[in-house]
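Residue numbers for the sequence shown follow my numbering, beginning at 499 and rising by one.
Glycine included, every Cβ here is placed at the ideal spot set by N, Cα and C.
Treat the numbers as computed from the prediction; the structure is a model and nothing was measured.
One structure is given here, and the rest of the page talks about it.
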Amino acid sequence: MKGKYPPIQGLQNLSLDFMNDFPVPFAVIALEPEFRFVDANSAMWKKLGYESKADFLRVPTTEHCHKVEHLDHLKNLTEQGPVHGYEMPFRSLNPSASRN
């Protein structure tokens, strides 16, 4: 399922570069229209217990989601336009880690 707004490649690349150049203490991800993770900052993959961003990106998005319903809701939101600031829980490799 694709949103009705096409991605703007240059802007997308700029935001990914910004995300990686300026570390923030909270998790940030970038998704393709097909809802596959294409980038994540270190706060995201480290919080979930991965050794590297590459390891994190190899895992299908649905396996990261705590509940598939959250991903379905996000898909519905993208039908209305770009989504920013959406929060959802994720599965961690470490059961004692936070799921936020």
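- Around the CB of Leu546, 16 or more other CB atoms lie within 10 Å, so the residue is classed as buried.
- Sequence-distant Cβ neighbours of Val526 in its own chain, meaning closer than 8 Å and more than five residues away, are Met517, Ala538, Asn539, Ala541 and Met542.
- Taking 8 Å as the cut-off, the Cβ atoms of Arg534 and Thr559 count as close.
- If you draw a straight line from the Cα of Asp553 to the Cα of Leu591, it comes to about 11 Å.
- Burial of His562 is indicated by the presence of at least 16 other C-beta atoms within 10 angstroms of its C-beta.
- Bounds of the alpha helix (DSSP H) holding Val566 are Val566 to Thr576.
- Secondary structure of Leu555 (DSSP, three-state): helix.
- Of the other Cβ atoms in all chains shown, 16 or more fall within 10 Å of the Cβ of Tyr548; this residue is therefore buried.
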